[in-house]
Amino acid sequence: MPRPRTTGLRTTGRRRTAAATALCAALIVPLAAGCGGSGDEASGGGQKTTIKVLAAASLTDVFKKAGAAYEKSHPGTIVKFSYAGSQQLAAQVKQDFPADALVTADTRTMDGLKGRTGTPVTIAHNRLVIATGKGNPKKVTDLKDLTDSKLKVVLAAPEVPVGRYSQQVLDRQHLKVKPVSQEQDVRGVLSKVELGEADAGIVYATDAKTAPDKVDAVPVPDDQNAVAAYPAATLKVSEHKKQADSFVTWLRSAKAQQILRDAGFQKP
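The sequence shown begins at 3 in our numbering and counts up by one.
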C-alpha cells in the first residue's frame, strides 16, 4: 500500500514555526531594548539634570575647574555656565531668563534682585590690582601714576562692580583718571592691557593671575584697596531648585573653597 503523502503538512508546520519564531523575535527585541535601558540607568548611565549658572566674568577660569569637580562628585548633574558682567546678569534675571543659579561680583547687584533669588551666601572675596603690560614698560608703581595724561588707562564702566570698586579707590585717594575706554566687564579691561591697547587698567587680582605671561600685577595697598564679595543664590525661576541649591551649598565646601583659594580668591 502506498504511504500517505505528508510533505504539505510538514511544509505548513515549518512555516507556522517560522512565523511564530519571527513573532516572538519581534516581541522580544523591544523588550530587550527596554531592559538594556534600565541596565544603563542602574549603572550610572541614566538621564542627567543640567543646571545653568549665571556667573560674573571674573569667575570664568576658576568655575571651569569648580564645575568639573562638582560634576565628578555629583554624576547626576551637569553644570553649564554663562559669564558676563554682574549688571548684565542682573538684567537677564529681571527678564526671567531661564537659569538656575546666580553668582555676582558684588552684594549690591545681588541685593537688587530680592524676590527673584533664594537667600544669598558669600563664597569668596577679591581685591584690586593694577594690570600693566608684561615687564611693566611704563613703570607704573601706584594708583597716582594712573593720573598721567600720557598713560593709556582703561577701566570698567561705573555700573560694573569692578568699575565701581575702581572709582571708589580712586575717589578715596582724590585721584582723577580719564580712561581711554570703559569696558562692560573685568575681562574686557584685562584684554585691552594684554593686547597692548592700554598701558594699565584696574582689575581683580585673580584676573591678573590668569595671564602671568602677558601682564604684570601692581599691588594696591590694603588701606587703599576695596574688597569685592561674591554672593551666590538659587534663582526663583529655576526648574531644578534641588540641584541648584546643592551647587550653591557646595561652593562653600572645603573642595570648592580650595579651588577658589588656588585661583587667588580670598576666604568668604
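Every residue, glycine too, gets a C-beta built ideally from N, C-alpha and C.
Got a sec? Which residues, its chain only, sit under 6 angstroms from residue i by beta carbon, not counting five neighbours each side?
i	result
Q268	H127
P270	T124, I125 and A126
H242	T51, I53 and D102
G69	V81
D42	Confidence in D42 is poor, its pLDDT being 29 and thus under 50, which makes the residue's placement too unreliable to answer from.
G266	A207, T208 and K211
Taking only three categories from DSSP, how would you classify residue i?
i	result
A70	helix
T121	coil
S151	coil
K211	helix
S240	coil
A27	Only weak support exists for where A27 lies, its pLDDT of 40 falling under 50; the coordinates are left without a value.
Q260	helix
R254	coil
E161	coil
S45	Note on S45: pLDDT 35, under 50, position unreliable in the model; the coordinate value appears next. Three-state DSSP puts S45 in a helix.
Q90	helix
Q175	coil
Q268	strand
K180	coil
Q245	helix
V142	coil
D63	helix
Apart from the five residues on each side of it in sequence, which residues of its chain come closer than 7 angstroms, Cβ to Cβ, to residue i?
i	result
Y167	L130, A228 and A230
D187	A59, A86, G87, A158 and V162
F65	A57 and F83
L253	I125 and A234
T109	A231 and P233
State the beta-bridge partners of residue i as determined by DSSP.
i	result
A203	The sequence as given places Gly at residue 203; Ala does not occur at that position. A133 and V156.
F83	V55
A231	H127
A107	Answer by DSSP bridge pairing: none, since A107 is not bridged.
E185	A158
D218	T134
Since residue i and residue j are thought to touch, with beta carbons under 8 angstroms apart, how far apart are those beta carbons, to the nearest angstrom?
i	j	result
L237	V123	Not confirmed; about 14 angstroms, so no contact.
K154	D201	5 angstroms
A234	A101	Not really, about 13 angstroms apart at Cβ, beyond 8 angstroms.
T134	V195	7 angstroms
Q89	V171	With 8 angstroms as the limit, Q89 and V171 do not qualify as a contact, their Cβ atoms being about 19 angstroms apart.
Could you tell me whether any non-hydrogen atom of the ligand GDP is closer than 7 angstroms to the CB of residue i?
i	result
K180	Absence of the ligand GDP from the depicted structure is noted, as is the absence of any ligand whatsoever, leaving it without description.
What does a CB cutoff of less than 8 angstroms around residue i pick up in its chain, not counting 5 residues either side in sequence?
i	result
L33	Residue placement at L33 cannot be trusted, given a pLDDT of 31 that sits under 50; what the coordinates show is reported in the next sentence. Around L33: no qualifying Cβ.
A119	Note on residue identity: the sequence assigns Thr, not Ala, to residue 119. Excluding positions up to five away in sequence, the list reads V95, L104, M112, A235, T236, L237 and K238.
S248	H76 and T79
V179	L148, T149, V155, L157 and L172
| query | So does the region 203-219 actually touch the region 75-85, counting three or more Cβ pairs closer than 8 angstroms? | reply | no
| said: With three or more C-beta pairs closer than 8 angstroms as the rule, is the region 186-200 touching the region 109-121? | reply: A contact between stretches requires three or more CB pairs, one per stretch, nearer than 8 angstroms, and the region 109-121 fails this requirement with the region 186-200.
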